[in-house]
Ligand code: PMP
Ligand code: GLN
């Protein structure tokens, strides 16, 4: 394995999903729904296959999807993008982020990201030969400390990588935090990637796109994905929206990562984005109910979850149950009670007190969450 990738073994999601399969446990580790997305969207994918949309789509994505993405950003977020030059369809948000980091960073550049950090970021930054500079979000509210962010900026800082709603904390950044981030980005002339894959999965608070803050439209790459919005995580249709020079740069890299992907799913996502809002809000409301159900179950097990405003995830501190290492806890959880979770420590460069934090996914059917809650209750 090349030196730059040596710090990366199997992703925690693969390890924990394999553990769940091997032990027959309820898998609240890797974040994926256990029901399929809206029937209209699934039907559109079947139809696209029947209609013969099975060969390479255009490099930037089918025009119909790029138009649907631009229309969606304008209608739901008040952002304007030209579908011809300012929208790129990618193999999930993962590829959008990797292609952007590879396209925009020189070796030795610094990329500032909020920590805990979604696991693919560190690997993307390492692939680019750049350096991850973490800025910690501290419990209990996991807010952005703007002084800390300012102090992390150096002459080598090239990019800020912001994620809201935030995985794994469930935090939704507020107007004041985003305005502060925007001021710093403008003052230091930084580019910003915003990972907004959970933009529609907000249960309290409001998702605000960073690109709409003053001076940000020209320097922000807005990334989102259909996986979470339509509960189809395996389709891997994501996108990046940004000014034409940035999209051209990202496209140059993306061409040689995957070239293109998911032709029939691109058609289906274009259909999905045009459906009434209720299609997405129903998914969100079901998830909110799931969050509340699992939160009650965790409380009954003696684990008070941190506040979660969005995403698929609740975080608890298992130190309350006498475990000081969340990885150890997660590896034992199947034998203790037949449930699988993810240790949040893997999202930190140096977890410190977060070593005992554990993330539970609630994107599951109510019956599954109730069964998990019953099993967890035996822990206390
Ligand atoms: N960013 C975050 C914060 C995520 O949680 C995920 C995955 N669930 C992704 C990116 C990857 O999204 P995709 O599956 O569209 O690549
Ligand atoms: N984003 C999902 C999570 O955080 C997992 C995606 C993956 O397995 N790479 O659980």
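Residue numbers (the UniProt record's numbering): 26 to 405. Cβ coordinates follow ideal geometry from the N, Cα and C atoms, glycine included. This one's a predicted model, so the numbers in the text were calculated from it and none came from an experiment.
Starting from residue i, follow the alpha helix (DSSP H) in both directions and report where the run begins and ends.
i: residue 322; result: 302 to 325
i: residue 359; result: 351 to 362
i: residue 144; result: 144 to 152
i: residue 159; result: That residue, residue 159, is in no alpha helix (DSSP H); its beta strand (DSSP E) goes 156 to 161.
i: residue 339; result: Per DSSP, residue 339 belongs to no alpha helix (DSSP H); it is in the beta strand (DSSP E), 338 to 342.
i: residue 41; result: 37 to 48
i: residue 399; result: 391 to 402
Return the first residue and the last residue of the beta strand (DSSP E) that residue i is part of.
i: residue 137; result: 135 to 140
i: residue 382; result: 382 to 386
By how many angstroms is the C-alpha of residue j removed from the C-alpha of residue i?
i: residue 197; j: residue 101; result: 17 Å
i: residue 85; j: residue 109; result: 9 Å
i: residue 137; j: residue 270; result: 22 Å
i: residue 247; j: residue 405; result: 43 Å
i: residue 78; j: residue 338; result: 35 Å
i: residue 285; j: residue 184; result: 25 Å
i: residue 320; j: residue 215; result: 38 Å
i: residue 312; j: residue 388; result: 6 Å
i: residue 316; j: residue 41; result: 20 Å
i: residue 398; j: residue 27; result: 43 Å
i: residue 366; j: residue 379; result: 15 Å
i: residue 305; j: residue 204; result: 27 Å
i: residue 123; j: residue 131; result: 14 Å
i: residue 96; j: residue 236; result: 16 Å
i: residue 31; j: residue 371; result: 15 Å
i: residue 272; j: residue 345; result: 47 Å
i: residue 61; j: residue 256; result: 6 Å
i: residue 373; j: residue 307; result: 33 Å
i: residue 80; j: residue 68; result: 19 Å
i: residue 178; j: residue 239; result: 20 Å
i: residue 202; j: residue 249; result: 20 Å
i: residue 278; j: residue 125; result: 8 Å
i: residue 9; j: residue 39; result: Missing from the structure shown is residue 9; the chain here goes from 26 to 405 and no further.
i: residue 104; j: residue 314; result: 30 Å
i: residue 57; j: residue 176; result: 36 Å
i: residue 90; j: residue 400; result: 43 Å
i: residue 133; j: residue 37; result: 27 Å
i: residue 350; j: residue 296; result: 45 Å
Taking Cβ positions, are residue i and residue j nearer each other than 8 Å?
i: residue 165; j: residue 140; result: no
i: residue 258; j: residue 252; result: yes
i: residue 217; j: residue 262; result: no
i: residue 143; j: residue 157; result: no
i: residue 266; j: residue 111; result: yes
i: residue 206; j: residue 174; result: yes
i: residue 354; j: residue 368; result: yes
i: residue 33; j: residue 153; result: no
i: residue 298; j: residue 94; result: yes
i: residue 234; j: residue 254; result: no
i: residue 276; j: residue 113; result: yes
i: residue 402; j: residue 325; result: yes
i: residue 229; j: residue 334; result: yes
i: residue 182; j: residue 232; result: no
i: residue 65; j: residue 300; result: yes
i: residue 336; j: residue 168; result: no
i: residue 155; j: residue 135; result: yes
i: residue 243; j: residue 208; result: no
i: residue 274; j: residue 162; result: no
Do residue i and the ligand GTP come close, with the Cβ less than 7 Å from some heavy atom?
i: residue 263; result: You won't find the ligand GTP in this model; what it holds is the ligand PMP and the ligand GLN.
- Query: Are three or more beta carbon pairs between the stretch 217 to 235 and the stretch 349 to 368 nearer than 8 Å?
  - Reply: The stretch 217 to 235, when compared against the stretch 349 to 368, does not touch it at the 8 Å Cβ threshold.
- Touching by the beta-carbon criterion (3+ pairs, under 8 Å), the stretch 287 to 300 and the stretch 62 to 80: With the rule of 3 Cβ pairs closer than 8 Å, the stretch 287 to 300 counts as touching the stretch 62 to 80.
- For the stretch 250 to 292, list the beta strand (DSSP E) runs that are entirely contained and at least 3 residues long, ordered along the chain. With a minimum length of 3 residues, the continuous beta strand (DSSP E) runs that stay inside the stretch 250 to 292 are 262 to 266.
- So does the stretch 81 to 98 actually touch the stretch 184 to 194, counting three or more Cβ pairs closer than 8 Å? No, they do not touch.
- Task: Say whether the stretch 322 to 332 touches the stretch 104 to 119, bearing in mind that this needs 3 or more beta-carbon pairs closer than 8 Å, one atom from each stretch.
- Result: With contact defined as three or more Cβ pairs closer than 8 Å, the stretch 322 to 332 and the stretch 104 to 119 are not in contact.
- Whole alpha helix (DSSP H) runs in the stretch 75 to 126 with 4 or more residues, listed along the chain? Taken in chain order, the unbroken stretches of alpha helix (DSSP H) that lie wholly in the stretch 75 to 126 and span 4 residues or more are 88 to 102.
- Message: Check whether the stretch 388 to 401 and the stretch 44 to 56 touch, using three or more Cβ-Cβ pairs below 8 Å as the test.
- Response: The stretch 388 to 401, when compared against the stretch 44 to 56, does touch it at the 8 Å Cβ threshold.
- Message: I'd like the ranges of any alpha helix (DSSP H) spanning at least 4 consecutive residues and lying wholly in the stretch 172 to 224.
- Response: Scanning the stretch 172 to 224 for uninterrupted alpha helix (DSSP H) segments of 4 residues or longer gives 200 to 212, listed from N- to C-terminal end.
- Would you be able to state if there are at least three C-beta pairs under 8 Å between the stretch 377 to 392 and the stretch 339 to 347? With a cut-off of 8 Å, the stretch 377 to 392 and the stretch 339 to 347 count as touching, because enough Cβ pairs lie within range.
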